[in-house]
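See structure below.
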Amino acid sequence: MGTKGRKSRLTLRQKRNSAGYVFVLPFIIGFALFFLWPFAQSIIFSLSELEITREGYDLHFVGFTNYYRALFVNANFLPTFLGQIQSMLISVPSILIFSFFAALLLNGEFKGRWLARVIFFLPVVMGAGIVLQLEKFDYMYDILRAGGFGRGAGIGGADLKLLLYELKLPVVLIEVIVTALEGIPDIIRKSGIQILVFLSGLQSIPAYLYEACEMEGATGWEKFWLITFPLMTPMIITNVVYSIVDSFTAVDNELVRFIHKTAFGGMGYGVGVAMSWMYFAAIGSMLAVVMAIFGRRTYYLD
Amino acid sequence: MRSLRAKARLTRYKAILVSLVRYALIIAISFVILYPLMAKIPSSLMNEADAIDRMVRWIPSQITLDNFRTAFRMMNYPVTFQNSLKLTLTVSTLQLVSCTLVGYGLARFQFRGNSLLFGLVLFTLIVPPQMVALPLYLNLRYFDVFGLLKKPINLLGTHWPFILTSVTGTGFRNGFFIYIMRQVFRGMPADLEDAALVDGAGPFATFFRIMLPGAGSAMLIVFLFSFVWQWNDIFLSTLYLGGSLEYLPFALERITHIFYESRREFLVSYQYASIVNNAGMLMFIAPLLVIYGVLQRYFVESIERTGIKG
Numbered sequence: 019m020g021t022k023g024r025k026s027r028l029t030l031r032q033k034r035n036s037a038g039y040v041f042v043l044p045f046i047i048g049f050a051l052f053f054l055w056p057f058a059q060s061i062i063f064s065l066s067e068l069e070i071t072r073e074g075y076d077l078h079f080v081g082f083t084n085y086y087r088a089l090f091v092n093a094n095f096l097p098t099f100l101g102q103i104q105s106m107l108i109s110v111p112s113i114l115i116f117s118f119f120a121a122l123l124l125n126g127e128f129k130g131r132w133l134a135r136v137i138f139f140l141p142v143v144m145g146a147g148i149v150l151q152l153e154k155f156d157y158m159y160d161i162l163r164a165g166g167f168g169r170g171a172g173i174g175g176a177d178l179k180l181l182l183y184e185l186k187l188p189v190v191l192i193e194v195i196v197t198a199l200e201g202i203p204d205i206i207r208k209s210g211i212q213i214l215v216f217l218s219g220l221q222s223i224p225a226y227l228y229e230a231c232e233m234e235g236a237t238g239w240e241k242f243w244l245i246t247f248p249l250m251t252p253m254i255i256t257n258v259v260y261s262i263v264d265s266f267t268a269v270d271n272e273l274v275r276f277i278h279k280t281a282f283g284g285m286g287y288g289v290g291v292a293m294s295w296m297y298f299a300a301i302g303s304m305l306a307v308v309m310a311i312f313g314r315r316t317y318y319l320d
Numbered sequence: 007m008r009s010l011r012a013k014a015r016l017t018r019y020k021a022i023l024v025s026l027v028r029y030a031l032i033i034a035i036s037f038v039i040l041y042p043l044m045a046k047i048p049s050s051l052m053n054e055a056d057a058i059d060r061m062v063r064w065i066p067s068q069i070t071l072d073n074f075r076t077a078f079r080m081m082n083y084p085v086t087f088q089n090s091l092k093l094t095l096t097v098s099t100l101q102l103v104s105c106t107l108v109g110y111g112l113a114r115f116q117f118r119g120n121s122l123l124f125g126l127v128l129f130t131l132i133v134p135p136q137m138v139a140l141p142l143y144l145n146l147r148y149f150d151v152f153g154l155l156k157k158p159i160n161l162l163g164t165h166w167p168f169i170l171t172s173v174t175g176t177g178f179r180n181g182f183f184i185y186i187m188r189q190v191f192r193g194m195p196a197d198l199e200d201a202a203l204v205d206g207a208g209p210f211a212t213f214f215r216i217m218l219p220g221a222g223s224a225m226l227i228v229f230l231f232s233f234v235w236q237w238n239d240i241f242l243s244t245l246y247l248g249g250s251l252e253y254l255p256f257a258l259e260r261i262t263h264i265f266y267e268s269r270r271e272f273l274v275s276y277q278y279a280s281i282v283n284n285a286g287m288l289m290f291i292a293p294l295l296v297i298y299g300v301l302q303r304y305f306v307e308s309i310e311r312t313g314i315k316g
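Given below as structure tokens:
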């Protein structure tokens with residue numbers, strides 16, 4: 019390409035590129051009004067005491083008192099906080115492993131693949147929201163699980179527990195087994211979108227890579243670790259981020275409910291926001307660690 | 007020769023075994039996913055006697071629609087359904103439009119600050135929505151656009167908080183939608199755009215005539231997500247709609263609460279409460295299942311083209 023042609027093309031490009039602002043303008047406005055400003059306010063709120071008055075609200079600066087009260091005065095925050103982090107450290111890897119595995123299952127050619135995919139993605143529609151919430155906290159559901167409709171379905175914990183006691187296993191072990199098994203339906207129902215992401219990733223791996231590998235005489239195991247896994251690292255990052263984002267509004271997020279209760283009924287909004295900030299800091303640092311581990315080893319096929 | 011044949015037989019056995027294991031696992035997982043739905047259907051069609059009778063589990067002795075009628079009445083279904091549908095359609099349509107536009111802008115124009123802006127889009131995702139909830143609530147209660155309006159207006163209790171955040175691509179998990187649309191538009195060949203440029207088409211004509219038709223299936227998926235999340239939403243609705251709770255999720259919750267109260271006074275059996283509740287839940291999920299049924303082929307067939315990837 020000649021210098022002359024390039025120059026005129028560049029200005030044309032530049033002119034064209036400024037049109038991009040028109041497309042993103044709605045987000046810039048919304049970001050400033052409905053995200054950045056409230057976000058900044060939440061920092062101020064966490065350092066203040068909030069008083070609702072007739073005209074609006076008053077803020078009194080109190081420094082780090084809210085953080086102090088959250089951590090050391092409120093007896094329940096720290097255990098709930100650590101419990102939530104711990105359950106996230108267990109559930110996120112479980113979701114990732116399961117959804118990767120499910121995507122591998124759904125990826126091959128087999129009869130009924132269409133139906134299997136329709137069912138596997140169903141949690142995308144059903145997994146979120148009120149129905150699950152009502153089931154989770156519904157006293158009726160608990161009764162029904164213990165005996166009634168849920169019985170004999172294979173996922174009720176009570177029968178299994180009895181069986182394990184019959185086998186004279188140590189109580190601690192029984193608890194671990196039952197908790198893990200009872201967690202499986204949860205993991206499956208939280209994996210819909212992650213399966214979708216992995217599956218689309220698997221399908222974007224070109225077949226010639228595998229063929230070349232087969233020519234060299236690689237086994238299925240080697241093909242997985244040499245081709246599939248490295249090329250899936252971007253999807254792994256996407257899914258870690260998504261799973262964490264998803265947990266913010268999950269019905270079983272004890273910490274979020276605790277913060278909500280503190281903010282709107284307990285120690286006041288300032289303390290609630292301070293708690294949110296600590297939660298966000300913990301999640302932010304966890305994401306940073308994930309990025310540091312996988313980000314450097316990410317392979318892109320362009 | 008013989009060993010070759012034996013080897014072929016071995017691989018065939020291996021293939022059969024693999025497919026058997028695959029089917030077993032798929033069926034087991036499908037069961038876990040479908041079970042809650044499957045359990046609700048027969049129980050919602052039972053009468054109270056069947057529900058109490060432990061011998062009756064899957065097949066009611068007599069099929070009745072009474073539970074649906076009761077739930078219909080308790081939820082004030084015609085009104086709450088209409089309200090929810092109107093709000094959900096508004097929100098998901100607006101979010102689809104704004105996120106498609108923003109995603110396109112980020113994907114196809116290398117203006118200054120592009121990558122910074124994309125970083126901000128992702129940042130809105132990783133901040134727990136609860137964190138900005140109360141400042142946002144207060145801003146909407148006394149809405150004055152940084153003091154530009156003379157007198158602050160109260161937007162709570164109206165659809166405006168939903169409309170404003172949806173139009174600007176800052177609604178619930180809109181960062182995710184922008185991300186999907188950006189990926190899709192990035193994947194489109196530059197030749198298309200250049201050809202349009204040569205033909206004298208401006209950026210908007212290019213967008214509408216060339217780019218948009220190719221993004222159809224991804225847009226349907228964004229629409230589906232947006233619809234489902236709004237339909238299920240209770241957190242933002244509680245925040246924005248304040249006292250007016252004539253929407254389906256609240257109506258469903260109401261059934262549970264009413265029964266919880268009457269259960270405490272032993273006015274109804276828990277079995278009865280459960281069958282009516284299940285009927286209510288099915289009526290709540292039904293629209294989601296319908297829309298999923300209509301759009302599922304975009305999930306299943308064209309996953310590779312949706313661009314939901316890292």
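Sequence order for the protein chains is A and B.
Each residue of the first sequence is one higher than the one before, starting from 19 at the first, in the numbering used here.
Each residue of the second sequence is one higher than the one before, starting from 7 at the first, in the numbering used here.
Idealized CB from N, CA, C, for every residue including glycine.
It should be emphasised that the depicted structure is a prediction, and the values quoted were computed from it without experimental measurement.
Of all the options B/Leu26, B/Val133, B/Lys157, B/Leu247, which has the alpha carbon lying nearest to the alpha carbon of A/Ala300? B/Val133
Spatially closest choice to A/Asn257 from A/Ile115, A/Ala58, A/Lys241, A/Leu185, by CA coordinates: It is A/Ile115.
For A/Lys33, is the classification buried or exposed, using 16 other Cβ atoms within 10 angstroms of its Cβ as the cut-off for buried? exposed
Minimum Cβ-Cβ distance from A/Phe41 to chain B less than 8 Å: yes
Kindly list the residues whose CB is nearer than 8 Å to the CB of A/Asn35, restricted to its own chain and excluding five residues on each side of it in sequence; keep chain order. So no residue of the chain qualifies.
Quick one: what does DSSP say A/Glu200 is sitting in, helix, strand or coil? It is helical.
Mind pulling the alpha helix (DSSP H) runs of 4 or more residues that sit fully within the segment 23 to 94 of chain A? 38 to 49, 55 to 64, 83 to 86
Can you have a look at A/Gly23 and say buried or exposed, based on whether 16 or more other CB atoms are within 10 angstroms of its CB? Per-residue confidence for A/Gly23 stands at a pLDDT of 45, beneath the threshold of 50, marking its modelled position as unreliable; the derived number appears in the next sentence. That one is exposed.
If I'm right that B/Leu294 touches B/Val204 with Cβ under 8 Å, what's the distance once you round it to whole angstroms? About 45 Å; that fails the 8 Å criterion.
Could you compute how far the alpha carbon of B/Pro219 sits from the alpha carbon of A/Pro44? 22 Å
Proximal chain A residues relative to B/Leu31, where beta-carbon distance stays under 9 Å: Phe119, Ala120, Leu123
is_contact[B/Met81, chain A] using C-beta, thresh 8 Å: no
Between A/Phe312 and A/Ile254, how many whole angstroms is the CB-CB distance? I'm expecting something under 8 Å. 6 Å
Quick check on DSSP: helix, strand or coil for B/Ile159? strand
Which residues in the same chain have their Cβ closer than 8 Å to the Cβ of A/Asp264, if we skip the five residues on either side of it in sequence? Same-chain partners within the cutoff: Lys208, Ile211.
Output, in chain order, the set of chain A residues within a Cβ distance shorter than 8 Å of B/Gln68. Under the 8 Å cutoff, chain A gives no residues; its nearest Cβ is about 17 Å from B/Gln68.
Taking the alpha helix (DSSP H) that B/Asn73 belongs to, which residues open and close that run? Following the DSSP letters along the chain, one finds B/Asn73 inside the alpha helix (DSSP H) bounded by residues 72 to 80.
Delimiting residues of the alpha helix (DSSP H) encompassing B/Arg192: 180 to 192
So for B/Phe117, helix, strand or coil by DSSP? coil
From which residue to which residue does the alpha helix (DSSP H) around A/Lys241 run? 238 to 241
Contact the segment 35 to 52 of chain B vs the segment 236 to 253 of chain B: 3+ CB pairs below 8 Å: The answer is no - the segment 236 to 253 of chain B does not touch the segment 35 to 52 of chain B, with fewer than three Cβ pairs under 8 Å.
A/Val80 and A/Leu68 - do their beta-carbons sit closer together than 8 Å? no
Given that A/Val274 touches chain C, what residues does it touch there, using C-beta distances under 8 Å? No chain C appears in this structure, whose protein chains are A and B.
Pairs of beta-carbons, one from the segment 236 to 243 of chain B and one from the segment 208 to 226 of chain B, closer than 8 Å: are there three or more? no
Kindly list, in the order they appear in chain B, the residues whose Cβ is closer than 8 Å to that of A/Val190. In chain order: nothing, as chain B lies at least about 26 Å away.
Between the C-alpha atoms of A/Ile61 and B/Asn145, what's the straight-line distance to the nearest angstrom? Distance between the alpha carbons of A/Ile61 and B/Asn145 is about 15 Å.
Buried or exposed for A/Gly168, please, with buried defined as at least 16 other CB atoms from any protein chain shown within 10 angstroms of its CB. At A/Gly168, the pLDDT of 38 sits below 50, so the modelled position is not reliable and the matter cannot be decided from this model.
Using the C-alpha atoms, what's the distance from A/Ile205 back to B/Leu31? Computed Cα separation, rounded: 15 Å.
Quick one: is B/Tyr253 near chain A, going by C-beta distance under 8 Å? no
Give the interface partners of B/Thr171 over in chain A, defined as CB-CB distance under 7 Å, in chain order. Gly48, Phe52
Any idea if B/Val300 is buried or exposed, counting beta-carbon neighbours within 10 angstroms, 16 or more meaning buried? Classification for B/Val300: exposed.
Near-chain A residues of the segment 182 to 211 of chain B - C-beta to any C-beta below 8 Å: Phe182, Ile184, Leu203, Gly208, Pro209, Phe210
Does DSSP put A/Phe139 in a helix, in a strand, or in coil? coil
Taking the Cβ atom as the reference point for each residue, do B/Val24 and A/Trp132 lie within a distance shorter than 8 Å? no
For B/Arg79, which of B/Ala257, B/Leu273, B/Ser280 has the nearest alpha-carbon? B/Ala257
Out of A/Val215, A/Leu100, A/Thr280, A/Glu232, which has the shortest C-alpha to C-alpha gap to A/Leu249? Among A/Val215, A/Leu100, A/Thr280, A/Glu232, the Cα nearest to that of A/Leu249 is on A/Val215.
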